[in-house]
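A.B. asks:
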Amino acid sequence: MTTNQDAVAVEVTVAQAVWRDGFGAAMGLVADCFPRRETRRTLRETVEAVLMGLERINCWTLAEALGHCGPHRLQHFLSRAVWDDEAVRARLAAFTVGHLADDQAMLVVDETGDAKSSTDAVGAAHQYSGALGGVGLCQVAVHLTYVGPAGHALIDRALYLTRDWAADEERRLLTGVPDELVFATKPQLAAAMLAQARAQGFPARWVAADEVYGGVDLRRRIRELGFDYAVAVPASHRVTTPAGRFDTAGVLAKLPRRAWQRIRTGHGTKGDRHYDWVMIEVTADDIPQGHETGHSFLLVRRHRYTRELSFYRCHSTTPVTLSDLVEVICCRWRVEEDFQAAKSLAGLDQGQATCWNSWMRWSLISLIAASLLAVAAARHPGDTESGEPDTEHEPMIALTRPELLRLLRAFVLPQPVTDAQHVLHWSHWRRRHQHRAATCHRYWNEVTAAA
Numbered sequence: 066m067t068t069n070q071d072a073v074a075v076e077v078t079v080a081q082a083v084w085r086d087g088f089g090a091a092m093g094l095v096a097d098c099f100p101r102r103e104t105r106r107t108l109r110e111t112v113e114a115v116l117m118g119l120e121r122i123n124c125w126t127l128a129e130a131l132g133h134c135g136p137h138r139l140q141h142f143l144s145r146a147v148w149d150d151e152a153v154r155a156r157l158a159a160f161t162v163g164h165l166a167d168d169q170a171m172l173v174v175d176e177t178g179d180a181k182s183s184t185d186a187v188g189a190a191h192q193y194s195g196a197l198g199g200v201g202l203c204q205v206a207v208h209l210t211y212v213g214p215a216g217h218a219l220i221d222r223a224l225y226l227t228r229d230w231a232a233d234e235e236r237r238l239l240t241g242v243p244d245e246l247v248f249a250t251k252p253q254l255a256a257a258m259l260a261q262a263r264a265q266g267f268p269a270r271w272v273a274a275d276e277v278y279g280g281v282d283l284r285r286r287i288r289e290l291g292f293d294y295a296v297a298v299p300a301s302h303r304v305t306t307p308a309g310r311f312d313t314a315g316v317l318a319k320l321p322r323r324a325w326q327r328i329r330t331g332h333g334t335k336g337d338r339h340y341d342w343v344m345i346e347v348t349a350d351d352i353p354q355g356h357e358t359g360h361s362f363l364l365v366r367r368h369r370y371t372r373e374l375s376f377y378r379c380h381s382t383t384p385v386t387l388s389d390l391v392e393v394i395c396c397r398w399r400v401e402e403d404f405q406a407a408k409s410l411a412g413l414d415q416g417q418a419t420c421w422n423s424w425m426r427w428s429l430i431s432l433i434a435a436s437l438l439a440v441a442a443a444r445h446p447g448d449t450e451s452g453e454p455d456t457e458h459e460p461m462i463a464l465t466r467p468e469l470l471r472l473l474r475a476f477v478l479p480q481p482v483t484d485a486q487h488v489l490h491w492s493h494w495r496r497r498h499q500h501r502a503a504t505c506h507r508y509w510n511e512v513t514a515a516a
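Start counting the sequence shown at 66; every next residue gets the next number (our numbering).
1. Between which two residues does the beta strand (DSSP E) harbouring R303 extend?
2. Would you kindly work out how many angstroms separate the C-alpha atoms of A218 and V115, rounded to a whole number?
3. Quick check on E235: does DSSP put it in helix, strand or coil?
4. Between Y377 and A297, how many whole angstroms is the CB-CB distance? I'm expecting something under 8 angstroms.
5. How is the alpha helix (DSSP H) around C395 delimited, first residue to last?
6. Nearest by alpha-carbon distance to A442: which of R105, R495, G216, R121 is it?
7. Count the CB pairs spanning the stretch 419 to 429 and the stretch 88 to 100 that are closer than 8 angstroms, and state whether there are at least three.
8. Helix or strand or just coil, what does DSSP make of A189?
9. Just mark L239 as buried or exposed, buried being the case when its beta carbon has 16 or more other beta carbons within 10 Å.
10. Around the C-beta of P321, are 16 or more other C-beta atoms found within 10 angstroms, so that it is buried, or is it exposed?
11. Anyone know if the C-beta pair for H208 and V440 falls short of 8 angstroms?
12. Answer with buried or exposed for Q326, where buried requires no fewer than 16 other C-beta atoms within 10 angstroms of its C-beta.
13. Given this structure, state the Cα-to-Cα distance separating W427 from V153, to the nearest angstrom.
14. What number of angstroms, rounded off, separates the C-alpha of R474 from the C-alpha of T383?
15. What span of residues does the beta strand (DSSP E) with D175 cover, start to end?
16. With C-beta atoms as the reference, is T177 less than 8 angstroms away from A206?
17. Tell me F376's beta-bridge partners as DSSP assigns them.
18. For R507, which residues of its own chain have a beta-carbon under 8 angstroms away from its beta-carbon, when the five flanking residues on both sides are left out?
19. Run through DSSP, which three-state label would M425 get?
20. Taking C-beta to C-beta, are R270 and D168 nearer than 8 angstroms?
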């Protein structure tokens, strides 16, 4: 056994080549979405800047790191510059899927929230968010992630506007929400993104989601689009068995010990994870017109120690085994890994965007950066690619996205501008701007207090 320094040095070289090829190809793919060269260059700079490892990621910090004299160029790029951000999203989603594609791949739907300090931000309202652990003032967005054997990455997002927010004409006008945009539930936003993915021809068989997306309307739409699904449902979800029994999922789960099967559902740092599972055949309640009945099931998962139950409604056009469905359900958690990567590595939750255009474009830039990392990690050859054990080096795990980013920051990505004159200029700019802002706030508070 020898040290792995030489092996890691080779990995760095490969990572450099993979990143530069992928980044160059992705930027070239969207070049004609920008009518001006300056905005095209700003996209390249901004995607690289969000990956630099800055303590905070917003227009001020990115502009300082890039050597700009102020944040105005980036603010203009996000809010007012003319470029087709939807075409950029669609092309880069196709680029990402192209490197992760598989006929048995999954599309996973889930939402995440970002805490806000004011309702002035587009979509910000007091609402539930799992990321916040309850109800709070936040923006909530529904996301779509593509999960294949080679890797997984977020490919789409839609900002959720509560019913009250969507009906408030004054706030819509102030934040630039498009006139044609009306209130849509989270399942409706998910259905629109799934339809877009199908229209783009992304290869995938399964759709997975949590309880929010377990309603019959979305499940029927998923089947209309030609996907199979495995979605979580509550214990109160009512199903009908082929024998005609109509009851809730919680009641049907009261089965004898011999009905349960213990299956390994993953491997963690502390060892394998096992749960008890049972598969109950049920009658489909979501058959689209002109479609075959297929195979519908209720899956129940039971924790080995706490006996806590979780329920999943599943459908497959072809016969499927319990282990196949369990694998699909377990892969749903990949979206949580993608949320963590997009927030911790690419600043998805740090944009401070208050208007519609700014939010759409900031979230897009974060998705691009996170997706490029996922593609680079997937394209990077592993130590065991040949399937033969490596006896020359100590064993290592595969190159993860955080570890890949550390290498890119050290050897590939540009370094933040830190010369003395530039740092002093930004110190002066921040203090002057903050003084003006404080003065305006005090004046406004005095005016409102007098009224």
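Cβ coordinates follow ideal geometry from the N, Cα and C atoms, glycine included.
C.D. replies: Well, looking at it:
1. 303 to 305
2. 17 angstroms
3. helix
4. 5 angstroms
5. 387 to 396
6. Selected option, being the one with the closest Cα: G216.
7. no
8. Three-state DSSP puts A189 in coil, outside helix and strand.
9. exposed
10. exposed
11. no
12. Counting every other CB atom within 10 Å of its CB across the protein chains shown gives Q326 a total below 16, marking it as exposed.
13. 13 angstroms
14. Distance from the CA of R474 to the CA of T383, rounded to the nearest whole angstrom, comes to 46 angstroms.
15. 171 to 180
16. yes
17. V298, V365
18. none
19. Three-state result, M425: helix.
20. yes
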